[in-house]
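Quick note, the sequences are listed as chains A and B, same order. Count the first sequence with our numbering and you get residues 1 to 182, in order. Count the second sequence with our numbering and you get residues 183 to 294, in order.
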Amino acid sequence: ALTMVMRQYQVVGRRLPKDGKDPKQLYRMKLFAPNEVVAKSRFWYFTSKLRKLKRANGQILAVNEMVERKPHQVKNFGITVRWDSRHGTHNMFKEYRDTSLNGAVEKMYQECASRYRCRFRSIQILATKRLAAKETTGQGLLGGPLKQFHQRKIAFPLTHRVQRPSSRRFRTTFKAVKPSTY
Amino acid sequence: PPMAPVTRKLVQIGRVAMVNYGPETGKLVTIINVIDGTRVLVDGPRSITGISRQSFPIKRLSLTSIVINITRDASTTQLEKRWKEQDIMTKWKASGWAKKQEIRAKRAGLSD
C-alpha cells in the first residue's frame, strides 16, 4: 500500500518483578501502530509520560492485535487527536467514514500529513469512537463531506470520468478515438 | 441543433458494475453501499461473479445500465437470490457491451 497500514494493538505491561515479588499493577494500552515493534515502542513512550515507568524498569506481557469485528460494514468514526505543529500543540476532532477503525485511523494520519504536514511521531490519538450517522457533526471532509453519504437512497453520477487502460500494458501515447468522459 | 441531455448511470445501491482495472478486470459486482466519494462497498455476489464483499475504489468500476432492487447492505444470500430471480447474468450477457467483451476475448485467444 502507498499509505502506512495501521493496526490496532492492545499492549499490556508492568513493572519488573522485584525480589521475586510480582508487581500488583498492570498497565494496558490500546494504540495504533503499523506493526508490533512500533506498538511496543509507543507503549513505552506513552507509559513513561503517564507513569513513573520506563522500558528499563518494565516488561511487556502481551501484544495482541485487535481485529475489526465486521470489516464489511460501513461505519462512521470520530477520532480525537492531539498533534504538534511547528509552533504549538493542538487538539482536533475528525470524522471519517470507513469499513474499519484501522482504515479510519489511516485516513486520519494521511489527512494530517497532507493538511498540516504533521508526521506520525507528532500525533497522539486521544480517543476513537464509532459514531452513528445521527451523532456525526459533519466535521469530516475527506472523500467529500461526511453527512452527504448518510442517505438511504444515495445516488450520484460520476462526472468527467477520465478513462484509463485496464493495464499499463495497454497504455499508448496516442489514441485513435477521443475518449468519452461520461 | 441542441444536444440531447446525457443520461448518466448513477452510483447507487444495487447498481451492477464491471471492474475495469486490477486483477479482477472484467468481473461484475453489485454496489451495496457507498463509503465515501472514492470507495463503495461491493459484493459479486461471490458465487456468481467471483468477487467477495469488500471495499472497492469507484475509479476501478465501469457502471452498467443494470440496477437491482436491493436494500442498503443487503446480505450476500439476499443478493444471490435477486441475481437468480431477475436472471441478471443473462441480461448482462445479452447486452452489447458483454457481447463485445466476448468477441475481444475470443480474438485474443485465437491462434494462427
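For glycine and all other residues, C-beta sits at the position ideal for the given N, C-alpha and C. What you are looking at is a predicted structure, and each value in this text was computed from that prediction instead of being measured.
Per DSSP, residue i is paired with what?
i: Gln185(A); result: The structure shown does not extend to residue 185(A), since chain A is modelled only from 1 to 182, so the question has no answer here.
i: Val81(A); result: Met92(A), Ile125(A)
i: Pro157(A); result: Leu192(B)
i: Asn76(A); result: Arg97(A), Leu131(A)
i: Met66(A); result: Gln8(A)
i: Leu158(B); result: Residue 158(B) lies beyond the range of chain B shown here (183 to 294); nothing can be said about it.
i: Ala33(A); result: Arg7(A)
Compute the distance between the beta-carbons of residue i and residue j, then report whether it is under 8 Å.
i: Trp274(B); j: Pro227(B); result: no
i: Arg242(B); j: Val201(B); result: yes
i: Val222(B); j: Val216(B); result: yes
i: Asn91(A); j: Glu68(A); result: no
i: Ser237(B); j: Thr99(A); result: yes
i: Ile214(B); j: Ile252(B); result: yes
i: Val193(B); j: Leu261(B); result: no
i: Arg97(A); j: Gln59(A); result: no
i: Thr89(A); j: Val105(A); result: no
i: His160(A); j: Thr173(A); result: no
i: Val211(B); j: Thr231(B); result: yes
i: Gln151(A); j: Asp255(B); result: no
i: Lys191(B); j: Ser257(B); result: no
i: Ser48(A); j: Lys40(A); result: no
i: Asp294(B); j: Phe149(A); result: no
i: Leu50(A); j: Arg42(A); result: no
i: Asn57(A); j: Leu16(A); result: yes
i: Gly208(B); j: Gln283(B); result: yes
Identify whether residue i lies in helix, strand or coil by the three-state DSSP scheme.
i: Glu106(A); result: helix
i: Ile217(B); result: coil
i: Met4(A); result: coil
i: Ala280(B); result: helix
i: Val329(B); result: This structure gives no information on residue 329(B), because the portion of chain B shown stretches from 183 to 294.
i: Leu26(A); result: strand
i: Ala39(A); result: helix
i: Leu191(A); result: The structure shown has nothing for residue 191(A), since chain A only spans 1 to 182.
i: Phe170(A); result: helix
i: Lys21(A); result: strand
i: Met185(B); result: coil
i: Ala256(B); result: coil
i: Ala176(A); result: coil
i: Cys118(A); result: coil
i: Thr272(B); result: helix
i: Arg152(A); result: coil
i: Tyr184(A); result: Outside the displayed range of chain A (1 to 182) lies residue 184(A), so it cannot be described from this structure.
i: Arg164(A); result: coil
i: Leu292(B); result: coil
i: Arg286(B); result: helix
Can you determine whether any heavy atom of the ligand FMN sits closer than 7 Å to the C-beta of residue i, and answer yes or no?
i: Lys107(A); result: The ligand content of the structure shown is nil, which means the ligand FMN is not present either.
Problem set entry | contact_flag[the stretch 122-140 of chain A, the stretch 70-83 of chain A] where n(CB pairs < 8 Å) is 3 or more | yes
Exercise. Which parts of the stretch 201-251 of chain B are runs of the beta strand (DSSP E), unbroken and 3 residues or longer, counting only runs that do not cross its ends?
Worked result: 210-216, 221-225, 236-239, 243-249
Problem set entry | Stretch pair the stretch 2-21 of chain A + the stretch 59-68 of chain A: three plus CB contacts closer than 8 Å | yes
Exercise. Using 8 Å as the threshold, is the stretch 118-132 of chain A in touch with the stretch 164-177 of chain A, meaning 3 or more CB pairs across them?
Worked result: no
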